[in-house]
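Visitor:
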Amino acid sequence: MGMVHFVYLSSGLVYSCCKCSTHLTDHSRLVSENFHGRHGRAFLFQDLVNVYEGEEAHRTMTTGEHRVRDLYCMGCMRVVGWRYIKAYEKTERYKERKCILEINITRQSRISPTSPTSSTSIASI
Ligand SMILES: [Zn+2]
């Protein structure tokens, strides 16, 4: 068992888990906002960070047959979305390797690159 390394996204619009605040992705990786997850609205991203991938599974969706892996938040092990492994419909192939993030269970916050990223204590002079 290795150490768990959390990726800290430090700029732009960041999407994090609303339960444990782990960063999951940022706006620069957004592909499409026009998706539906188990909890309603979902976005498609190029990739997510700080997630574990579950077992590959076959799933039938409104857009056809897919092979997917559920993605678990590394902070609280909640399912936050899934990764498309394979799409059987030609028109859906662009989704392969990309990730769905459930928007209703995430929080979005804008992080300024100039703001302090950690609580470094300021030494009194
Ligand atoms: Zn979490």
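Be aware that the sequence shown starts at 7, since it is given in this note's numbering, and climbs by one per residue. Ideal Cβ placement from N, Cα and C applies to all residues, glycine included.
(1) Among the residues of its own chain, which have a CB less than 7 Å from the CB of Ala48, if the five just before and after it don't count?
(2) Are there three or more Cβ pairs, one per stretch, closer than 8 Å when the segment 89–101 is compared with the segment 18–32?
(3) Taking the continuous beta strand (DSSP E) assigned at His64, which residues delimit it?
(4) Less than 6 Å between the CB of Gly46 and some heavy atom of ligand 1, yes or no?
(5) By DSSP, does Arg99 sit in helix, in strand, or in coil?
(6) Would you grab the beta carbon distance between Leu77 and Leu54 for me? Rounded to a whole angstrom, and I think it's under 8 Å.
(7) Look at the alpha carbon of Tyr100 and the alpha carbon of Glu62, and state the distance between them as a whole number of angstroms.
(8) In the DSSP output, which residue or residues are listed as bridge partners for Tyr21?
(9) Would you decide whether Val74 is buried or exposed? Buried here means 16 or more other CB atoms lie within 10 Å of its CB.
(10) Which residue marks the beginning of the beta strand (DSSP E) containing Ser38, and which one marks its end?
(11) Among residues of its own chain, excluding the 5 on either side of Phe12, which ones have a beta-carbon nearer than 7 Å to its beta-carbon?
(12) I believe Gly18 touches Ser34 by the beta-carbon criterion, under 8 Å. Please report the beta-carbon distance rounded to the nearest angstrom.
Guide: Taking the geometry as given:
(1) For this step, residue 48 is matched to residue 42 along the sequence shown. Counting only Cβ-Cβ distances below 7 Å, and skipping sequence neighbours, we find Phe41, His42, Gly87, Ile106, Leu107, Glu108 and Ile109.
(2) As far as the Cβ criterion goes, the segment 89–101 does not touch the segment 18–32, which means the pair count is below three.
(3) Walking along the sequence shown from the start, residue 64 turns up at place 58. Val57 to Met67 is the extent of the beta strand (DSSP E) around His64.
(4) Position 40 of the sequence shown, counted from the first residue, corresponds to residue 46. No, the beta carbon of Gly46 sits no closer than 6 Å to any heavy atom of ligand 1.
(5) For this step, residue 99 is matched to residue 93 along the sequence shown. Helix.
(6) For the purposes of this step, residue 77 is taken as residue 71 along the sequence shown, with counting starting at 1. For the purposes of this step, residue 54 is taken as residue 48 along the sequence shown, with counting starting at 1. Between the beta-carbon of Leu77 and that of Leu54 there is about 6 Å, and that keeps the pair under the 8 Å contact cut.
(7) If you number the sequence shown from 1, residue 100 lands on position 94. If you number the sequence shown from 1, residue 62 lands on position 56. If you take the alpha carbons of Tyr100 and Glu62, they lie about 18 Å apart.
(8) Stepping through the sequence shown from its first residue, residue 21 is reached at position 15. Answer is Thr31 and Gln114.
(9) Taking the first residue of the sequence shown as position 1, residue 74 is located at position 68. Buried: at least 16 other Cβ atoms inside 10 Å.
(10) Numbered from its first residue, the sequence shown carries residue 38 at position 32. Start and end: Leu36 to Gly43.
(11) Within the sequence shown, numbered from 1, the residue matching residue 12 stands at position 6. Excluding residues up to 5 positions away in sequence, Thr28, Asn56 and Met80 lie with their Cβ nearer than 7 Å to the Cβ of Phe12 in the same chain.
(12) Here residue 18 refers to the residue found at position 12 when the sequence shown is read from its first residue. Here residue 34 refers to the residue found at position 28 when the sequence shown is read from its first residue. Gly18 to Ser34, Cβ: 6 Å. Contact.
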